[in-house]
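Data block below; observations after.
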Amino acid sequence: MIDRRHFLKSLGVGLALPALESVQPVFAKAAVKAAPVKRLVTIGTYLGFHTPSWFPQETGPSYSISPVLKPIEDLRENFTLFSGLDHRAPNGHKNWKNYLTGKGTPGVSFDQIVAKSIGHQTRFESLQVTCGTPPVNGYMSYTKEGIMLPAIGRPSVLFGKLFSSDSDMARMKYLLESGGSVLDLVMDEARSLERRVTSRDRDKLGEYFSSVRDVEQQIQKQRHWLEKPSPKIDYPLPEFDPVAPDLSLECESIMYDLITLALETDSTRVISFLVPGSGQVFTINGQLLSAGYHGLSHHGNDPGKIAEYNLVGKQHVERFGKFLCQLKERKDPDGRALIDTTAVLYGSGMGNANTHNNSRLPVLVAGGPYKHGSHQAIDRNNPSDTTPLMGDLFLSLMQSMGLDTNRFANAKRNMNEYLL
Amino acid sequence: MVRRIACLTAAITCIAALPLTTLANPIVDSFTEPIPKEADSFLVDYCLNCHDEIERKGDLNLDFVEINWNDHQAKATWSKVHEMLDKGEMPPKKERQPNAVERQAMLSWLDTALSKRDPPGGTVLRRLNREEYENTVRDILGIPFTAPESFPSDLEYHGFDNVGEGLVLSPPLMAQYFEIATKAADLLIPPLKEEKIVPSETSVVGPNDFTLNFTTGHPIDGVLRMTSSSDPLARGSVWPNRFEAKTTGRYAVKMELSSYEPETGHFPIVKLLAFTANGNSFTRTSTLRELAEIHVAGGTPDTYRAEVDLQKGETIVVHYDNASLSADQSTERLAEHLLEIFKADLALGAAWKTAGYQRSDRGWSWWDRIQKIKNQPGFSAENFEPESKETKEFALKMARTGVNLFETMCCYRFFAGPGLDIHELSVSGPLPAEQKSIDLNPSDFTSLDASGTLTQEQPCRLISSLSTIAGSAVWPSRFEAKISGVYRIRFDATTFQDSKAFYDVGAEPFLIELHARRNSADPYELVDTMRKLAEFSLLPNLDQAQVYETEVVLEKGETIAFRWGNSPLYSDSGNRFYSPDALGKLVDDKRILAAYRILGRARELTPSQYYEAVMDLVNSESLNTKETVSLEAPNLTAPAVYNQFARIARQDMIRHGPALDIGNAEILGPIRLVEDNEMKEQRLRTSLFMGHRQGRNDEAYATAILQPFLDKAFRRPATGEQVFKYVKVALKHTSEGNRFEDGIHLAIRAALCSPKFIYRGLEAGELDDYDLASRLSYFLTSSPPDKKLLKLASAGDLSDPETLAQETRRLLASKRVNSFINSFAGQWLDLRVLPDIMPDPRLINWNDNYLKAITDETEMFIAEILRENHTLDTFIDPDFTYMNRFNARLYDHPFDGNNAMKRVPIQRGSKYGGILGQASVMMATANGVDTQPVLRGVWLLENVLGDPPSEPPPDVPAVEPDTSGAKTIRELLERHQADASCASCHRKIDPPGFALENFDPVGRWRSHYPLYEKRGDKTVTLKGHPVDAFGQLPDGTRLEDARDLKRYLVENIDIFSHCLTEKLMVYATGRPPSYGDSKVIDNIVAQAKDRGNGFQDLVVALVVSDVFRAK
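These protein sequences, in sequence, are chains A and B. So for the first sequence, my numbering puts the first residue at 39; every next one is plus one. So for the second sequence, my numbering puts the first residue at 2; every next one is plus one.
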């Protein structure tokens, strides 16, 4: 008979059956080759940076540090700066989310590809973090089914998730244990239905069976993790979650602390962190700025506004610098400094916030076993077939983590020669 | 022979392609029919040259000797063959053609076979889509429910997201269902949480600890100064950075305030408002709950206090209510205000005038610039005239910058005043509640008009539902709330009735009402004026007393009154006396009536004695009802008559029942000072769901709770066996050491993961009434069937065509039909893509106001056609549309309104209006930057003409939009005409697409394409090539532009009717049409035409047809 898929196509219908999730059993892990990079942290600022103040004039290893990057001048040997990279993706606020997905409409973000590959080794496959309430278009992580992953914006909630209280754990255990009875009952119902329905419907019901079985496996996995006691951490959480927009810089620092703790306790190995921005008026070093953050990002080339925009930018970079220092000081469960085996992508999905342009994104890569210390400039003015794309950078990072991928969005090479 | 081998391989592939389940299930035999000789010859002569296994033109192979009708694809294939042959599109014109007889014979054979083998029906088992799921969960929980952002979206299939094949159930979705099931169960039966006592804390908020937006406040001289009042929160109010109520409660607020340089007679008024700390800063303060109002006395700081009630998570907004400066003022008023400032400070005025307005001047940056000019050495205000016409015009010009000026004026006032100075704010709380407990037994209760209400033996026997408190209620003699707050009350109650009772309540449950009552209130006021606190029901004839407990909010001075709500002795609404109907029952009893007449007034007897006397007579054998007295019914409204019968009734009920006896009670409180709204809603929801045990054992109680719940969840009555499965699981869970409630919680989780909840159409065989009810309801409201539909289904009446038609019209008239309009139009006309299109800014400065206007226009347009049953040609060429000032601007149409959508008459045959002239459709069929005639042509063929083209060949390059305007789109597409293989489809696609070329990517009519030219920093739009919208349809019809297309479609309205009916059918039944379905659709279209072609009629005709009722 006619090949089914062909025929569907010719009738003008495309049916994309999502591949069934395969959940690797917890103990029988396929031998993952010892990958040099074990952890991935991706960070993006929603309102970008003033790129003329971010990109240094010179390239190569002896570039003079740019004004916005001054706070991490002493860490220059720990990161590589890139200029001229982007996804060739559409512009606008709405398309900030292409930062990690690379496409015009949400596809999968590369951190989730990594999460699906290595996430089974930790309690949480991945974590998404932000400060307070993120903007509507500012979601960084997307699954391959196109599901946008919501981010946690309250320090107390993130802390509670990572280091659950005893009563939380008890409730979770209860729900998981009783969950088995729930699924047994509905599977029983489905089986008695199966006998009565037509053969076409039986195929449909097949989706139900395999989906429920998948959930059963997820439950097993989560129960396994709950057997292990959650680490008891002594961290001075503030009395009061700083979720007010003017306190977002304060929240940012606390979130960096919690991210470090998450990595140190091996609670997860894939974290994305969206640093948001809206109309809040910051007070920096005792000085109340003259306009809201969003207003500053639309500086209209006014030097006063640019200066204040850079003050905020430097605040972000300074706090990022403190995070990098923590990664240098803290150790992973094997006793090595976290930074050696953690790749950090820092930058923004917004190229020029003033014009909402998303080309020439400001990004840097820190940590990992890479050869850092340079400013690698990619010639964006005359792009050829071999000009690297942002996706190529992602491919390098993924490959360092042991993933067998050589395609991401519109990228098909890697940038290993710039990093290794 | 080639063909024999081919057929063998075909047979083998046939078997290999059979789904395993079919093989495993021999009951289902394969319906293989050999192709008859004549048809076989036809295929060989006219089809197989191109459509055999090797050539496979158009990906189609027809080289078979038999057809396996069990294969779903076979039906679709042969249906298509029939269609192409019937339309004359196959064989292609240049190939050898069958003569009329041969063609007819082939068509006839196909028609017979297909009618038999592909009858109406074929909807595959489908799960609820996202919207249907949301509405169904909402229905079950009784609260609004939105699926989380992380829900995967549904796939579109045949244009709609509710078609069976497209509704895949994937593991991530199942995981979501599982999680939501737990959340829903938690909402019905919350997990036991220890109520933590939150200790009282004080937060001190200094001048630098407030959230500021723009120029809402300025820290200066050790205070936070405010100088403006505005409705939007972010323009005129401040709130603490670091305070939010950790728990619901009462908080003591202390503020140190003073006014700054007030003008004479101005006393700042400060309002404290409640605001959720995480909320949207542009909320309007007029919508926030007011906590306190403070009048600031004067220039020296003073302390002001207030006690406010806050819900968990709220903070306190400080709102300066009566400043003269406001962001909400008109331009003229702002200008006047500015002139006042000029008059008060001439130097400032002069400097301002010199500074003028430069782009991005705003607030402090503008202020600094003006100050710089003012402070220049030698700067003089000599020639400045604040009253001159020139200055006035200047002020108006400045005022037009709106908030830019407003914020800068705030800067001035921060220094010059008048202003409000906040020195400090401190919040202490939650204030502790001192709980006290009081135990009451029946003798501790009071009532009024004790006759009948209280007896020695039964002090709290309630017998009537008189509408006044006096005579119907009891309340504690020595309890009233000393402080307002939440109190917990616990009491027990029994019912009483013996065999001699005159009134009989049968099995009706007793309604116990609790009301709030002040001892000072008038006991003869109607109960309706009292606040009802709670309601319980009690089954009659239970031997033990039932215990009830609840939490209620009482204000200071209130107590709790108990009342029986549904006694057979009741008052009519609004009336203080017993209803004549209630007493009339006594009158109807001839013996009682006779006794009454015999006894007469009997004024000397007490009520009790009177009753005894009546009963003696009634029971005496010598009572002769016919001869002694008149049995004419007395006038019950006459007071004397009324009183006597009332006595009889009451005395009977005291002695024999029915009556409600209140036992012991305990009141504890205040347990909290403020009712947490969320907790209150939760308690109500749980008690509604769980009902009351009423002395039943676990199994019976669980069944009573789960049966109605499962009926609702499954959209049909759950069988005893099905319910028992759930009850068993619940009981097992309880037996493992969990609470009874936990067992029910588990059952809820399972029900919401059950295939019977997730899927529609699970029953074997044809659609029964319940399936019909579901199908109709989800079709027209995207929600599960309501009570009326279910009632008709249970009576078996729904399948009656008249009833079905009636119910259809009922649903179409309800508000919920908006779900249908939104979902159907959103998908049929592709409106759902609109929010993601960002039109080229060179084309237009697009914003959400336009988006809303054009979407509303189309939805309201279709809603009217449906509601008014307009004829189908109205879709194409109407004499009305809906506009507000935004889309009116797009259409260049005169409009004298503002933002509200109004119905606007337009000329028939004009360029705008209808689905071929509305901006929404034009925008959805373009990409925001260019128009593409092929895209629009394909869309028209699919959605208006009902003749979808085949997929393009795989190697067609995309058209590079030449924005330099050098080549017109027509020139770029000329290959479509030149190349024969392109032309076969494009002769159908291009002409209608080009006809719409006059509509630009946002739906405006244009006679020329735009030509963009960069001139320095700016881009200028010039007139490019003229638009040539000419096209010629395959049947020769010439279309000069869109207006001709409209005319053509109206004249051949059946084309559109057919297309629309088919779309409706796919949406309504969740399947593409089978061969049999198509024939029924043809019928529906023809009959609708005979009946006048009304749209509503068409929808009804579809529902009562075989198409809708076939599975």
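The C-beta atom is built at its ideal place from N, Cα and C for all residues, glycine as well.
At least 8 Å separates the CB of residue 433(A) from every CB of chain B. For residue 787(B), no pairing in a beta bridge is given by DSSP. Contact note: residue 153(B) reaches chain A through 56, 181, 183, 184, 185, using a C-beta cutoff of 9 Å and chain order.
In this structure, 189(A) is the residue among 419(A), 202(A), 189(A) with its C-alpha nearest to the C-alpha of residue 169(A). The residue among 104(B), 78(B), 76(B), 726(B) with its C-alpha nearest the C-alpha of residue 89(B) is 104(B). Contacts with chain A at 8 Å (Cβ-Cβ) include residue 242(B). In the same chain as residue 115(B), and ignoring 5 residues on each side of it, the C-beta atoms closer than 8 Å to its own belong to 76, 79, 80, 83, 1076, 1077, in chain order. For residue 439(B), no alpha helix (DSSP H) segment is defined; the enclosing uninterrupted segment is the beta strand (DSSP E) at 437–441. Contacts between residue 245(A) and chain B, judged by CB atoms closer than 8 Å, involve 169, 170, 171 in chain order. Per the DSSP secondary-structure output, residue 311(B) pairs in a beta bridge with 250(B). Note: residue 413(A) is bridge-paired with 98(A), 119(A) in the DSSP secondary-structure output. Residues of the segment 349–361 of chain B that bring their beta carbon within less than 9 Å of a beta carbon in chain A comprise 360, 361, in sequence order.
Within chain B, no residue has its beta carbon less than 9 Å from that of residue 313(A); the closest one is some 18 Å off. Between residue 110(B) and residue 40(B), the C-beta spacing is below 8 Å. For residue 295(B), the CB contacts under 6 Å within the same chain, skipping 5 residues up- and downstream, are 271, 305 in chain order. Neighbours of residue 234(A) in chain B, taken as residues at a C-beta separation under 7 Å, are given in chain order as 765. DSSP places residue 322(B) in the coil class of the three-state scheme, outside both helix and strand. Exclusion of the five residues before and after residue 568(B) leaves 464, 465, 466 as the residues of its chain whose Cβ lies within less than 7 Å of its Cβ. Within chain A, the residues whose beta carbon sits less than 9 Å from that of residue 366(B) are 328, 329, 340, 342, 343, listed in sequence order.
Note that the segment 368–378 of chain A does not touch the segment 305–323 of chain A; fewer than 3 beta-carbon pairs, one per stretch, sit closer than 8 Å.
The alpha carbon of residue 551(B) has as its nearest neighbour, out of 668(B), 158(B), 564(B), the alpha carbon of 668(B). Residues of the segment 274–298 of chain A whose Cβ lies closer than 9 Å to any Cβ of chain B, in chain order: 276, 277, 278, 279, 280, 281, 282, 283, 284, 285. Against chain A, the CB of residue 1075(B) has no partner CB under 8 Å away; the residue lies outside that interface.
Its Cα nearest to that of residue 456(A), the residue 414(A) stands out among 432(A), 418(A), 414(A). Close partners of residue 214(B) in chain A (Cβ separation under 8 Å): 317, 318, 319, 330. In the three-state reduction of the DSSP assignment, residue 929(B) falls in the coil class. Contact between residue 382(B) and residue 347(B) holds: CB atoms are separated by about 4 Å, below the 8 Å threshold.
Burial check for residue 144(B): the Cβ neighbour count within 10 Å stays below 16, so the residue is exposed. For residue 249(A), at least one C-beta of chain B is nearer than 8 Å to its own C-beta. With a cutoff of 8 Å on beta-carbon distance, residue 1103(B) and residue 1061(B) are scored as not near each other. Here residue 1009(B) is exposed: its Cβ has fewer than 16 other Cβ atoms, across all protein chains shown, within 10 Å. In chain order, 278 make up the part of chain A whose C-beta sits under 8 Å from the C-beta of residue 245(B). At least 8 Å separates the beta-carbon of residue 115(A) from that of residue 359(A). Straight through space, the alpha carbons of residue 163(A) and residue 131(B) are spaced by roughly 26 Å. Sequence-distant Cβ neighbours of residue 773(B) in its own chain, meaning closer than 6 Å and more than five residues away, are 799. Residue pairing from DSSP places residue 402(A) in a beta bridge opposite 119(A), 384(A).
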